[in-house]
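In terms of our numbering, the numbers along the sequence shown are unbroken and rise by one, the last being 664. Note that the Cβ used here is the ideal one computed from N, Cα and C, for glycine as well. Please read these numbers as outputs of a predicted model, since none were measured by experiment.
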Amino acid sequence: MGRCQAKEKAEAEAARQAALEARKAAEAAQASPADGAPSGLVAALAKAKAAGVLGADISLAESILSAQNPEEVEVNDLLQIPEEFRNLDPAAAAAAEKERNASLDREALEDRVVELTKHLAMARLHSKARLEQALQSRLAKAEMQSLQSLYVALQDAEAEFDKAAAEEFGELKVALRREHEDRAVESKGAAYAPDTDAMDGCSSASISLSPKLGDLAAAEEFGELKVALRREHEEAVAQVRALGSPTAGPPSDVQTPPLAAQARAPAPEVETFDPAQINQEFSKPVMFKNRPLTRCNVLHYAIIESASTKSGGPVSAVVAAKADITAKAMYASMKTHPDGKQVVYETELEAVHIAAGLGHIPALEALLKASADDAEGCKNRTREEHMVTVSELQEQNDELQERAASDNPDEAFEWILEVYRPGASHDTLRGELARDILIYKETEAAKDVAVRGRQVLYPFDQYFKTNEEVQMIAVEPEGKGRPNPQDLTKALVWAKQFER
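Okay, structure coming up:
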């Protein structure tokens, strides 16, 4: 029996020694964790708990770890005060400790004194580090609260700014609507007045209108005006065709009787066109593919007017009356130089160009026959050589380059606007045409294709082919008027007698 007791005592002593060694190792790991990293401190804390280390050491490690979180830490936790002494004054703490230790023996009291001493020593040893960490945590928390307050203040300021901007925008809309209505009222009497000196309704090009196509308030009235003008134009053309006489002229300013009465009444005697003035130039604008010709003669006018019926009779009659088939028609265009100066350019066309542009085959045949007849009576020309200096050739090239079509899309815009809408600017351009141009440019840019000026003219051509509003706009000649002794409509009536 004595042998068994000795064996148990030896085993207990070995277990006590192993526990002491494990405790010393845990305390060493807890005092200096690997690399000072939080993970090392966590491992040391776990090892201390497994080794049965006292609560003071474990609570120290837990306090250091908890201080790393940006949360408020109690001062009692930072100073490592035991739970039973917290929120007590020194006298109350001493009384509570005496009452608690009244039933302990000497050995237990010694352990209690050691534990309290260790609490005090460890708290003093690590209090500075814990207080610094707690201060940093509280500063981080205060900074976070400050940022949150700043965010709330910015949201309030943004809401106030949006409210003020909305009120200002509403006032601006009201002012713009009022100004828009005033301008619409002012434009009712003068913006849509027809040109009384034009060709009496025989061509839509003879009506001079200057509507603001982007004016939404006047869009309805402008549409009604278009319908009325188109109806007058159709009635005038029907009256001219119903007369059926070579000597019958176009409708005059006098009130025209109904078509039924005209069919019963004899054709009135009117002044006829004088063939001697077949090459007379006229300054009245004639539309050729939506471009106003500021200079033309009877031959050009006959080609344009007979293109709709594809009849070569009027053109043949004008050519037979000794019309000059090489006479030039002209349309004007404007270009803005880099210095801001507006320059007017004039482009010349011959009769064959107009006929080819309209696809007027009978007119081309008549012009070809007239050209062949003229060539039979001409002598063969001999080749002549002329010496041209380099400076003269350079001047010619410079002039041609200056008159060439612009490769700048913005200049192409300006050219079209000045031709079709005098005085217009980019700021007033609105609606379908601008949208078509932007879509075209963006589509080409998506294909990595550089859009240049001549390419931008393509959407303009497509737009003007179908835009009825532009079809009814005629531009006055730009300060280059010529005498107009005879109205072009008289020449048309005279030439219609030769229709096949």
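Buried/exposed call for residue i, threshold 16 Cβ in 10 Å
i, result
"ASN461", "buried"
"PHE446", "buried"
"PRO254", "exposed"
"HIS283", "buried"
"ARG180", "exposed"
"SER291", "exposed"
"SER310", "exposed"
"SER470", "buried"
"GLN297", "buried"
"ARG294", "buried"
"VAL450", "buried"
"ALA487", "buried"
"ALA256", "exposed"
"ALA491", "buried"
"ALA527", "buried"
"LEU299", "exposed"
Cβ neighbours of residue i in the same chain (closer than 7 Å, five flanking residues each side left out)
i, result
"ILE518", "PHE452, HIS464, ILE467, ILE468, ALA493"
"VAL482", "ILE442, VAL462, LEU463, ALA466, ALA659"
"GLN506", "MET498, THR500"
"LEU273", "ASN265"
Run of the beta strand (DSSP E) containing residue i, from where it starts to where it stops
i, result
"VAL507", "506-513"
"ARG455", "455-457"
"ALA496", "493-500"
"PHE452", "450-452"
is_contact[residue i, chain C] using C-beta, thresh 8 Å
i, result
"ARG459", "Of the protein chains in this structure there is only one, and it is not chain C."
First and last residue of the uninterrupted alpha helix (DSSP H) at residue i
i, result
"VAL462", "462-470"
"PRO478", "477-484"
"LYS611", "Segment: none, LYS611 is in no alpha helix (DSSP H) and carries neither H nor E."
"LYS262", "254-264"
Contacting residues, own chain, Cβ-Cβ under 8 Å from residue i (five flanking each side not counted)
i, result
"GLU177", "none"
"SER472", "none"
"GLU172", "none"
Given residue i as reference, the closest of the options once Cα atoms are compared
i, options, result
"LEU535", "GLY523, ALA515, LEU522", "One point to set straight first is that residue 535 is Ser, not Leu, in the sequence displayed. When only C-alpha atoms are compared, the closest one is ALA515."
"GLU261", "ARG276, ASP269, GLU271, ASN251", "ARG276"
"ALA484", "VAL349, LEU289, GLN300, LEU531", "LEU531"
"GLU512", "ARG459, VAL482, VAL338, GLN444", "ARG459"
"VAL479", "TYR509, LYS533, GLN444, GLN506", "LYS533"
"GLY476", "GLN444, THR490, GLU529", "GLU529"
Cβ-based neighbour list, residue i, same chain, cut-off 6 Å, excluding 5 preceding and 5 following
i, result
"GLU324", "none"
"ARG347", "none"
Self-check item: Meets three-Cβ-pair contact criterion under 8 Å: the stretch 455-474 and the stretch 495-510
Solution: yes
Exercise. May I ask you to verify whether the stretch 500-509 touches the stretch 520-529, counting CB pairs closer than 8 Å and requiring at least 3?
Key: no
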